[in-house]
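**Q**
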Amino acid sequence: MKWPAMTYHRATSLADVWAAFAAHGPSVTILAGGQTLLATLAFRLSEPGMLLDITRIPELRGITLQGQVLRIGALTRHVELGRDLLVRQHAPLLAQAVPHIAHPAIRNRGTIGGSLAYADPAAELPACAVALDAVVVAASTAGERRIPASAFFTDLLQNALAPGEIIVAVEIPIQPSLAAIDEVARRSGDYAMAGLAAAMRVHDGRVVAPRLVYFGVGRGPVLAGAACRALEGRPLTAESIAAAQAALTTDLDPPQDLHGPSEMKRHLARVLTARVLNAWLRPTEMAA
Amino acid sequence: MITLTVNGERVSRHVDPRRHLIDFLRLDLGLTGSHAGCEHGVCGACTVRVDGEIVRGCLVLAASLDGAEVTTIEGLSDSGEVADLQANFVARNAAQCGFCTPGMIMTAADILAHQKDATRAEIREHLAGNYCRCTGYQAIVDAVEATLEARR
Chain A
1 MKWPAMTYHR
11 ATSLADVWAA
21 FAAHGPSVTI
31 LAGGQTLLAT
41 LAFRLSEPGM
51 LLDITRIPEL
61 RGITLQGQVL
71 RIGALTRHVE
81 LGRDLLVRQH
91 APLLAQAVPH
101 IAHPAIRNRG
111 TIGGSLAYAD
121 PAAELPACAV
131 ALDAVVVAAS
141 TAGERRIPAS
151 AFFTDLLQNA
161 LAPGEIIVAV
171 EIPIQPSLAA
181 IDEVARRSGD
191 YAMAGLAAAM
201 RVHDGRVVAP
211 RLVYFGVGRG
221 PVLAGAACRA
231 LEGRPLTAES
241 IAAAQAALTT
251 DLDPPQDLHG
261 PSEMKRHLAR
271 VLTARVLNAW
281 LRPTEMAA
Chain B
1 MITLTVNGER
11 VSRHVDPRRH
21 LIDFLRLDLG
31 LTGSHAGCEH
41 GVCGACTVRV
51 DGEIVRGCLV
61 LAASLDGAEV
71 TTIEGLSDSG
81 EVADLQANFV
91 ARNAAQCGFC
101 TPGMIMTAAD
111 ILAHQKDATR
121 AEIREHLAGN
131 YCRCTGYQAI
141 VDAVEATLEA
151 RR
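Top line first, the protein sequences correspond to chains A and B.
Residue 288 is where the first sequence ends in the numbering used here, and the numbering goes up by one at each step.
Residue 152 is where the second sequence ends in the numbering used here, and the numbering goes up by one at each step.
#1: Note down the Cα distance separating F89 of chain B from A139 of chain B, rounded to an integer number of angstroms.
#2: Going straight from the alpha carbon of T7 of chain A to that of R88 of chain A, what length do you get?
#3: Using a Cβ-Cβ cut-off of less than 8 Å, list which residues of the stretch 21-37 of chain A approach chain B; keep chain order.
#4: If distances are taken between C-alpha atoms only, which option among B:G57, B:N130, B:G75 and B:C134 comes closest to A95 of chain B?
#5: According to a CB-to-CB cut-off of less than 9 Å, which residues of the stretch 39-55 of chain A neighbour chain B?
#6: So for Y8 of chain A, helix, strand or coil by DSSP?
#7: Going along the chain, which residues of its own chain have a beta-carbon closer than 6 Å to the beta-carbon of T40 of chain A, five neighbours each way excluded?
#8: Per DSSP, which one or two residues make a beta bridge with D182 of chain A?
#9: Exposed or buried, which one is N130 of chain B when buried takes at least 16 other CB atoms within 10 Å?
#10: Name the chain A residues that come within less than 7 Å of L31 of chain B, Cβ to Cβ?
#11: When you compare each of A:D16, A:A117 and A:S177 to A151 of chain A by their alpha carbons, which one comes out closest?
#12: Where do the N-terminal and C-terminal ends of the alpha helix (DSSP H) with Y118 of chain A fall, by residue?
#13: Spatial neighbours of T101 of chain B within its chain, please: C-beta separation below 8 Å, excluding the five flanking residues on both sides.
#14: DSSP three-state label for Q96 of chain A, please.
#15: Cutting at 7 Å between CB atoms, please list the residues of its own chain near H14 of chain B, excluding the five before and the five after it.
#16: Could you say which of A:A139, A:A160, A:D182 and A:V202 lies nearest to A127 of chain A if we only look at CA atoms?
#17: Along the stretch 55-73 of chain B, where does the CB come closer than 8 Å to a CB of chain A? Name the residues.
#18: Just how far apart, CA to CA, sit G98 of chain B and E53 of chain B?
#19: I'd like to confirm the pairing. Which residues does DSSP put opposite I147 of chain A in its beta bridges?
#20: Does any C-beta atom of chain B lie closer than 7 Å to the C-beta of H100 of chain A?
#21: Hey, is the stretch 63-78 of chain A in contact with the stretch 168-181 of chain A, meaning 3+ C-beta pairs nearer than 8 Å?
#22: Taking G205 of chain A as the reference, which of A:F215, A:L231 and A:A224 has the closest Cα?
#23: Report the residue from A:R229, A:Q256 and A:G233 whose alpha carbon sits nearest the alpha carbon of L248 of chain A.
#24: Using a Cβ cut-off of 7 Å (strictly closer), state whether P102 of chain B contacts chain A.
#25: With a threshold of 7 Å between beta-carbons, can S188 of chain A be considered close to chain B, or not?
#26: Leaving out the 5 sequence neighbours to the left and right, which residues in its chain are closer than 6 Å to I98 of chain A when beta-carbon positions are compared?
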């Protein structure tokens, strides 16, 4: 279907954004890369009064190392995330996620801020943000507010932004760790039927601060607490991985969807758990 | 009012905010080589270049393109950049009904330009966002692979 009638305004500064919010209030919808929003217009799933194009606001761009934090501007496109040297060095999980996100033509426009704001439960970047313990930096006329990623995704397609706030950056704490992402999709580039973004450290042979975050299996990215507790403080072995897999019965209650029933998704989550964690074992120690 | 460059020519037009790039190209400029297929970002038939990078034309607001440089299949074809790829498409019958072909060529040109050493698997991966409902994928991948090999 053709897009609904609407108005369009191009902001070139954050001051423009605040002025548009003040003048037009809730009828304003932020347009960043548009790779989800514009598709929803075609389905008439959203009918914004005004699209506010923020892609020409320079403050929302750029990737910088600030002390122990990697700050990634909200307008960073997926293609940039995949090739940026600072990201590859300090948050390789994000670079690793990029080939899983849609297709090249979409990765050339879609942005990290847009992906987080849209909060699709099957999307890669929200799960990575939670796995990396990232912080979403929101701004409004009141200034900046930092929201932990683990508190940002509040429900299906819902986030913790207040009216009048936009995402300006994502901050990733830098710490040496193992991190990996994998997913199962019917076709390369499709949304995942199930996926896993995982991060942990190993200290003196024992797992420290594991974060197993599953996507495509809930109403948002799911941090699997019981599975993480099954690994915490133990050596990474076939036994501890099997314990984490078993704990997913407690952690995950995937809604049935077009792809299949809950148990199939739980099965895929267990398979992905073994695939991701086995890669960090010596070959002789792998779990099934 | 937007002013942009389309296939090397400067163009100024008033556009309705609800106009996407493909309708702008096809209906306002008469450049009908780019096809409007699914119109929600899935099929890839509308692939064009904006500022040198391929995009889904149906997922770009024409009004947002003030100052941009757009290249369509017409411009790419006229430039001669993909003449060998097009010849390989013909030789291998990689265009059947032809609906997906402009998008396929735009996406394949991206591989030729940026992934000169692409393997067959990488070619398939790069083209995975372009649907061919004649299902002529093998011939399309063959044509891209042959072009890459001949250019090495």
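All C-beta atoms in this analysis are idealised placements derived from N, C-alpha and C, irrespective of residue type, glycine included.
**A** Taking the geometry as given:
#1: 8 Å
#2: 39 Å
#3: L31, G34 and Q35
#4: B:C134
#5: A39, T40, L41, A42, F43, M50, L51, D53 and T55
#6: Note: Y8 of chain A maps to strand in three-state DSSP.
#7: S46
#8: A:L196
#9: Note on N130 of chain B: 16 or more other CB atoms within 10 angstroms of its CB, so buried under the neighbour-count rule.
#10: None at all; the shortest Cβ gap to chain A is about 18 Å.
#11: A:A117
#12: I112 to Y118
#13: F89, A94 and A95
#14: helix
#15: So the list reads M1, once near-sequence residues are dropped.
#16: A:D182
#17: V55, R56, C58, L59, V60, L61, A63, S64 and D66
#18: 23 Å
#19: A:V136
#20: No - not a single Cβ of chain B is within 7 Å of the one on H100 of chain A.
#21: With a cut-off of 8 Å, the stretch 168-181 of chain A and the stretch 63-78 of chain A count as touching, because enough Cβ pairs lie within range.
#22: A:L231
#23: A:R229
#24: Taking a beta-carbon distance threshold of 7 Å, P102 of chain B does not count as an interface residue toward chain A.
#25: For S188 of chain A, the answer is yes, since a Cβ of chain B falls inside 7 Å of its Cβ.
#26: Note that residue 98 of chain A is Val in the sequence shown here, rather than Ile. Cβ neighbours of V98 of chain A beyond the five flanking positions: H78, L81 and G82.
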